[in-house]
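UniProt numbering numbers the first residue of the sequence shown as 1 and each following residue consecutively.
Reviewing the structure listed below.
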Amino acid sequence: VAVIVQTNIVHALIYLILSLLAVAVIFYVLGAPFAALLEAIVYAGAIMVLFLFVIMMLNLGQHTRDEERSWLSLKGWVAP
């Protein structure tokens, strides 16, 4: 839930990494250590860290967040 409702993109990605690591733990508990290892290395390790670096390099500021939120309002959808 924190991934969706988080207003800061970097914090949302960190929560997504934590949820993918939790899935890896569930795989391990269910008796699939290889699937858990792949989940942790490939998804939580490589892909999410790449997403994190790209978002941090984009340097999205308050202006970008305000612009994105304007599209979420009813006014933005009725009369652009």
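All C-beta atoms in this analysis are idealised placements derived from N, C-alpha and C, irrespective of residue type, glycine included.
Exercise for review: Sort 64, 60 and 39 by Cα distance to residue 16 and report the nearest one.
Suggested key: 39
Practice item. Quick one: measure Cβ to Cβ for residue 13 and residue 44, integer angstroms, because I've assumed they're closer than 8 angstroms. Key: About 11 angstroms separates the two Cβ atoms, so there is no contact after all.
**Study point:** Helix, strand or coil at residue 64 according to DSSP, with G and I counted as helix
**Key:** helix
Exercise for review: Mark residue 24 as exposed unless 16 or more other C-beta atoms lie within 10 angstroms of its C-beta, in which case mark it buried.
Suggested key: buried
Practice item. Identify whether residue 30 lies in helix, strand or coil by the three-state DSSP scheme. Key: coil
**Study point:** Own chain, CB closer than 6 angstroms to residue 2, minus 5 neighbours either side, in chain order
**Key:** 15
Review point. Can you tell me where the alpha helix (DSSP H) with residue 55 in it begins and where it stops?
Key: 48-58
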